Amino acid sequence: MTLAYLLRRLGAIVVVLAIVTVAVFGITMVLPGNAALMILGEHATPENLVAMERQLGLDRPVWVQYGTWVWGVLHGDFGMSLRLSLPVAQVVGEAFWNSAWLALMALAGVTVIAIPLGALAALKRGSVWDLVIGLFSYVGTAMPEFVTATLLLILFASPEWPVMPAGGYVAPSEDFLGFLRHAILPAGTLGLILMAHISRQVRSEMSEVLSSDYIRAARLKGLRGRRVVWRHALPNSLAPAVAVISLDVGYLLGGIIVVEEIFAWPGLGRTLIYALQNRDLPVIQAITLLLAVVYALSNLIADIIIAWLDPRVRHA
Amino acid sequence: MRDFLRNPAGLVGLCLLSIVIGAALFGPWLAPYDPQQFHPKTRLQGPSWDFWLGTDQYGRDLLSRILNGAPSTVFFGIGSTALGVGVGSVIGVIAGVAGGRTDSVIMRVLDGLLAMPELLFTLLIVTFLGGGTTQAMLAVAVTFAPGMARIARSSVLSVRTREYVMAATARGESRAWIVGREVLPNALGPIIVEATIRVSFAIMIGATLGFLGLGAQPPSTEWGLMVAEARQFMFRNPWCVAVPGLAIAFTAMGFNLFGDALRDAFDPKRSR
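Dropping the structure here:
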């Protein structure tokens with residue numbers, strides 16, 4: 000892991016993001032419906048429409064519009080929301096932090112629970128534990144978020160037994176405990192699905208490592224079982240686990256859209272669905288780009304962690 | 000094949016899949032009631048002798064609705080995957096066979112498309128195409144294409160330098176012959192395995208789109224839509240959301256297990 004490597008990776012990310020801006024802009028350009036018509040309503044006169052199009056810059060060539068948009072984005076200006084008459088940066092900024100808390104809670108919970116579970120399943124291969132964990136992970140990966148969310152709601156938010164709120168949001172600055180209570184079910188939904196996926200990966204990596212030559216050598220050397228697991232097996236199966244978690248961030252960013260919609264959590268996902276329903280193009284563009292940036296950066300961070308965990312990569 | 004059946008995951012997957020395919024083929028004929036028929040006196044009931052899986056908010060029989068929704072769900076999963084895999088594989092094979100600048104341009108574009116989370120990409124395309132089953136299917140196919148292209152490309156690349164391909168080149172076979180007869184058949188395995196697992200994702204995404212109101216439209220018996228419509232009543236009768244929800248999970252799990260076992264059968268190194 001040299002500085003040159005890092006710079007090269009950052010360069011690659013910049014190229015990918017440049018392509019993403021073209022893709023995002025292209026998709027929003029071909030979306031049916033015209034921004035001027037959106038603002039003025041169906042009964043706008045043709046003259047007013049032309050005037051509004053000029054005001055919004057829609058009469059200019061596409062590449063000029065694209066250039067203006069990218070130039071603005073590079074300066075932190077994402078334009079005005081067509082529906083909320085607020086700057087997009089403000090709308091998306093608030094939603095971003097709400098989503099970030101949810102995603103981080105899910106990821107943290109998963110990392111603490113899923114990795115030991117997977118390791119346990121690998122250590123006790125063929126036992127009841129292995130079977131239960133395996134079954135859980137197969138069922139978990141086969142349920143879409145909205146099914147898991149709905150089942151959790153029935154279990155924990157029914158009127159007869161309302162342990163958790165069925166949805167909504169409380170600002171952490173107002174009532175931190177209330178914020179946590181509202182976050183548990185949505186974060187739990189995301190967490191359960193991630194957990195199913197990650198524990199299975201950790202199990203397969205760990206069992207591969209456990210049957211490798213150097214673990215046999217460590218055992219033959221007479222090291223105690225626990226030391227073999229903690230010092231030799233686990234660190235070597237962590238790097239692949241981190242790789243899986245970073246890939247799952249992409250999944251998490253998609254899952255958040257549905258989960259926020261179900262639990263009425265005012266994050267990026269809910270804002271995105273609102274924007275899609277109302278054809279609020281600047282908001283759609285900003286959120287899509289933001290999610291792509293987060294995804295790319297999380298992959299980079301994962302690579303750095305993997306290099307730090309695995310000396311072979313570090314010195315390559 | 001015997002290895003495949005000895006693998007418990009594969010066996011369970013095969014059983015689940017047989018039930019699902021059976022329901023998809025014969026479901027509409029097996030259904031005891033008309034899926035759209037209202038039974039006003041027996042609304043929101045749990046399972047009973049008359050209604051094996053209970054009834055929804057209009058008293059419609061849940062079992063009949065699930066059985067009627069099965070063909071379209073399976074067709075959606077397989078259809079959108081086949082389309083996405085087909086298009087993606089063609090792009091990937093072109094990139095892998097051509098190499099050089101064509102390859103790197105295609106790969107950079109794919110990187111850009113893959114930088115968006117899958118569901119987000121699907122949502123954007125569905126918004127562009129408009130809601131509906133066909134549109135949702137196309138959207139899932141387009142979303143799958145870049146990832147499949149990447150797998151197809153790496154599969155082609157790994158085959159391209161094998162001895163038998165070099166032997167064919169040395170024999171002086173034409174390029175098209177080598178690609179068609181030597182490279183493609185040998186690169187197909189990983190593509191088929193990935194496609195089987197992807198069917199379960201396609202079914203889940205399709206149901207999610209139905210749930211969000213962007214896929215199938217009422218009064219369709221699409222399972223995701225059924226969950227969405229019954230959500231208001233889920234505390235009065237959990238069955239009306241649990242039944243379609245678990246049906247989705249059941250089907251997705253069948254394809255998942257089957258695909259995993261298929262991968263182990265193709266790659267003996269992994270089946271331990």
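Residue numbers (numbering that gives the first Met the number 0), protein chains in the order written: chain A, 0 to 315; chain B, 0 to 271.
Glycine included, each C-beta is placed from N, C-alpha and C at the ideal position.
Only a predicted model underlies this, so the values are computations on that prediction, with no experimental measurement involved.
Within the same chain, and ignoring the five residues on either side of A194 of chain B in sequence, the residues whose Cβ sits closer than 7 angstroms to its Cβ are T80 and V84.
Within the same chain, and ignoring the five residues on either side of G249 of chain A in sequence, the residues whose Cβ sits closer than 6 angstroms to its Cβ are Y294. E117 of chain B: member of the alpha helix (DSSP H) spanning E117 to L128, first to last residue. Spanning the alpha carbons of H181 of chain A and G95 of chain B requires a straight line of approximately 49 angstroms. For I192 of chain A, the enclosing alpha helix (DSSP H) stretches over residues F175 to L209.
In chain order, Y137, V138 and A141 make up the part of chain A whose C-beta sits under 7 angstroms from the C-beta of M252 of chain B. Judged by DSSP secondary structure, Q35 of chain B falls outside any alpha helix (DSSP H); it is assigned neither H nor E. Burial is judged here by how many other beta carbons sit within 10 angstroms of a residue's own beta carbon; I191 of chain B has fewer than 16 and is exposed.
G190 of chain A is not a Cβ neighbour of A263 of chain A, given a cutoff of 7 angstroms.
A Cβ of chain B is located within less than 7 angstroms of the beta carbon of Y294 of chain A. Near chain B, meaning a CB-to-CB distance below 9 angstroms, no residue of the segment 179–199 of chain A qualifies.
Assigned with DSSP and collapsed to three states, A215 of chain B falls in coil, not helix or strand.
Between the segment 61–69 of chain B and the segment 169–188 of chain B there are fewer than three C-beta pairs closer than 8 angstroms, too few to call the two in contact. P145 of chain B carries a helical assignment under DSSP once its states are collapsed to helix, strand and coil.
Among the CB atoms of chain A, one or more fall inside 7 angstroms of the CB of F210 of chain B. With its beta carbon less than 7 angstroms from one in chain B, T149 of chain A belongs to the interface. Boundaries of the alpha helix (DSSP H) around N185 of chain B: L183 to F210.
Contact annotation: A135 of chain B and V125 of chain B have beta-carbon atoms nearer than 7 angstroms. Apart from the 5 residues on each side of it in sequence, I304 of chain A sits with its Cβ closer than 7 angstroms to the Cβ of V241 in its chain, given in chain order. Put simply, the CB of F24 of chain A is far from chain B, with every gap to its CB atoms at 7 angstroms or more.
Bounds of the alpha helix (DSSP H) holding A69 of chain B are L61 to A97.
The beta-carbon of V162 of chain A is placed no less than 7 angstroms from the nearest beta-carbon of chain B.
Taking C-beta separations shorter than 7 angstroms and ignoring five residues to either side along the sequence, the partners of P39 of chain B in its chain run G58, following chain order.
For the segment 41–66 of chain A, no residue has a beta-carbon sitting nearer than 7 angstroms to a beta-carbon of chain B. When secondary structure is reduced to three states using DSSP, M136 of chain B falls in the helix class. By alpha-carbon distance to G91 of chain B, the top candidate from B:V240, B:P189, B:A215 and B:I247 is B:P189.
Any Cβ of chain A closer than 7 angstroms to the Cβ of E228 of chain B would place that residue at the interface, and such an atom is absent. Residue environment analysis places W222 of chain B among the buried positions, since at least 16 neighbouring C-beta atoms fall within 10 angstroms of its C-beta. In this structure, A260 of chain B and G12 of chain B form a Cβ contact; the two beta carbons are roughly 6 angstroms apart against a cut-off of 8 angstroms. Within chain B, no C-beta atom comes less than 7 angstroms from the C-beta of G166 of chain A; the nearest is roughly 11 angstroms away. Taking a 10 Å sphere around the C-beta of F77 of chain A, we find 16 or more other C-beta atoms and assign the residue as buried.
Nearest neighbour of V198 of chain B by Cα position, chosen from B:G99, B:Q44 and B:L256, turns out to be B:L256. Spanning the alpha carbons of V91 of chain A and Y4 of chain A requires a straight line of approximately 32 angstroms. Residue pairing by DSSP leaves P31 of chain B without any beta bridge partner. With its beta carbon at least 7 angstroms from every one in chain B, F262 of chain A lies outside the interface. Below the 7 angstroms Cβ cutoff, chain B contributes F234 as neighbours of P158 of chain A, in chain order.
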